[in-house]
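Q:
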Amino acid sequence: MRKLENSELDRKSIEDFKESEKTPIIIVLDDIRSLHNIGSVFRTSDAFLIEKIYLCGITATPPNKEIQKTALGATETVSWEHNKNVLEVIENLKSDNITTLAIEQVESALFLQDFEVEKGKKYALVFGNEVHGVSQEAVALCDGCIEIPQLGTKHSLNISVSAGIVVWDLFSKMKWPKKLI
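Residue numbering for the sequence shown follows UniProt numbering, beginning at 1 and increasing consecutively.
1) What is the DSSP secondary structure of Glu51, counted as helix, strand or coil?
2) Work out the CA separation of Lys121 and Ile98 for me, nearest whole Å.
3) How about Asp30 and Ser135: are their beta carbons less than 8 Å apart?
4) Write down every uninterrupted run of the alpha helix (DSSP H) in the UniProt domain "tRNA/rRNA methyltransferase SpoU type" (25 to 167) whose length is 4 residues or greater and which is fully enclosed by it, in chain order.
5) Are the CB atoms of Ser34 and Glu130 nearer to each other than 8 Å?
6) Hey, how far is the Cα of Ile181 from the Cα of Thr100?
7) Using the rule of at least 16 other Cβ atoms within 10 Å of the residue's Cβ for burial, across every protein chain shown, is Asn85 buried or exposed?
8) Can you list, in chain order, the residues of its chain whose CB lies under 7 Å from that of Thr23, leaving out five sequence neighbours each side?
9) Glu147 to Lys3, Cα distance in whole Å?
10) Count the other CB atoms, across all protein chains shown, that sit within 10 Å of the CB of Asn6; report buried if there are 16 or more and exposed otherwise.
11) Could you tell me whether the Cβ of Lys18 comes closer than 8 Å to any Cβ of chain B?
12) Going by the beta-carbon positions, is the gap between Ala102 and Cys142 smaller than 8 Å?
13) Between which residues of its own chain and Thr61 is the CB-CB distance below 7 Å, once the five residues before and five after are set aside?
14) Return the Cβ separation of Asp114 and Val78 in integer angstroms, given the expectation that the two are a contact with Cβ distance under 8 Å.
15) Quick test of your reading: Glu118 and Leu87, contact by CB under 8 Å. State the CB separation rounded to the nearest angstrom.
16) Would you check if the distance between the CB atom of Ile27 and the CB atom of Leu125 is smaller than 8 Å?
17) Taking Ala109 as the reference, give the member of Val139, His132, Gly164 with the closest Cα.
18) Between the Cα of Phe111 and the Cα atoms of Thr44, Ser160, Val166, which residue gives the shortest distance?
19) Just the Cα atoms here: how many angstroms apart are Val106 and Glu8?
Pasting the structure below:
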């Protein structure tokens, strides 16, 4: 087995990325403090052709040297917008018939492995602050909540890790659904 060179990976140019059909997922980041987390979410979003990222509240925006350090150029490919008010963003997404899902531990949350994507539907995933998570007001406004099951002693995951897990799960269910036998 031989490790592939970057030139062999057939990656998209920035122009090709922007013209590509996007995965029907939007990411909403609310009050994310870590610039590295923001950059990492941009990089994950680039990898899976995510449609857009909304940066809300105190979440920093590009251009930013510390975001760029982890994004590695993904701020140039992934569409993004800043809005101070996450509730306004959620309301606007819902009015556009986009299913909004808070990624949070709440009563009656659906475990990620049990969540089924619906063909033709667009989803917005709301991720909250590293300490306080998604605000109760935002949770109440969302159409539902997804929880990542955790079996250890810690009660949370890093926001960029959570985003990677959830985006991969939805992406794989959208792109490679299990065939019915």
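Where a beta carbon is used, it is the ideal one built from N, C-alpha and C, also for glycine.
A: Inspection of the coordinates gives the following:
1) Translated into positions along the sequence shown, residue 51 becomes position 51. Residue state, collapsed to three classes: strand.
2) Looking up residue 98 in the sequence shown gives position 98. Looking up residue 121 in the sequence shown gives position 121. Computed Cα separation, rounded: 7 Å.
3) Numbered from 1 along the sequence shown, position 30 holds the residue referred to as residue 30. Numbered from 1 along the sequence shown, position 135 holds the residue referred to as residue 135. Their beta carbons are under 8 Å apart, which means Asp30 touches Ser135 by this criterion.
4) Here the runs fully enclosed are 35 to 47, 65 to 71, 86 to 95, 136 to 141.
5) As a working mapping, residue 34 is identified with position 34 in the sequence shown. As a working mapping, residue 130 is identified with position 130 in the sequence shown. With respect to the 8 Å criterion, Ser34 and Glu130 are classified as neighbours on the basis of their beta carbons.
6) The residue given as residue 181 occupies position 181 in the sequence shown. The residue given as residue 100 occupies position 100 in the sequence shown. Bear in mind that the predicted position of Ile181 carries a pLDDT of just 41, short of 50, making it too unreliable to give a figure here.
7) Your numbering for residue 85 matches position 85 in the sequence shown. Counting Cβ neighbours within 10 Å, Asn85 comes out exposed, since fewer than 16 surround it.
8) As a position in the sequence shown, residue 23 is number 23, starting the count at 1. Result list for Thr23: Phe48, Leu49, Ile50, Glu51, Phe171, Met174, in chain order.
9) Taking the sequence shown and counting its residues from 1, one reaches residue 147 at position 147. Taking the sequence shown and counting its residues from 1, one reaches residue 3 at position 3. Those two C-alpha atoms are separated by around 35 Å.
10) Walking along the sequence shown from the start, residue 6 turns up at place 6. Exposed, by the Cβ-count rule.
11) The structure shown contains no chain B; it is built from a single protein chain.
12) The sequence position of residue 102 within the sequence shown is 102, counting from 1. The sequence position of residue 142 within the sequence shown is 142, counting from 1. If you check the CB distance, Ala102 and Cys142 come in under 8 Å.
13) Looking up residue 61 in the sequence shown gives position 61. Taking Thr61 as the centre and dropping the five residues before and after it, the same chain places the C-beta of Leu55, His82 closer than 7 Å to its C-beta, in chain order.
14) As a working mapping, residue 114 is identified with position 114 in the sequence shown. As a working mapping, residue 78 is identified with position 78 in the sequence shown. With 8 Å as the limit, Asp114 and Val78 do not qualify as a contact, their Cβ atoms being about 28 Å apart.
15) Taking the sequence shown and counting its residues from 1, one reaches residue 118 at position 118. Taking the sequence shown and counting its residues from 1, one reaches residue 87 at position 87. That belief does not hold up - the Cβ atoms of Glu118 and Leu87 are roughly 25 Å apart, past 8 Å.
16) To locate residue 27, count along the sequence shown from 1; it is residue 27. To locate residue 125, count along the sequence shown from 1; it is residue 125. Yes.
17) On the sequence shown, residue 109 is found 109 positions in, with the first residue counted as 1. Of Val139, His132, Gly164, the residue nearest in Cα terms is Val139.
18) Position 111 of the sequence shown, counting from 1, holds the residue named residue 111. Checked all of Thr44, Ser160, Val166; the closest Cα to Phe111 is Val166.
19) Start at 1 with the first residue of the sequence shown, and residue 106 comes out as number 106. Start at 1 with the first residue of the sequence shown, and residue 8 comes out as number 8. Roughly 44 Å between the two C-alpha positions.
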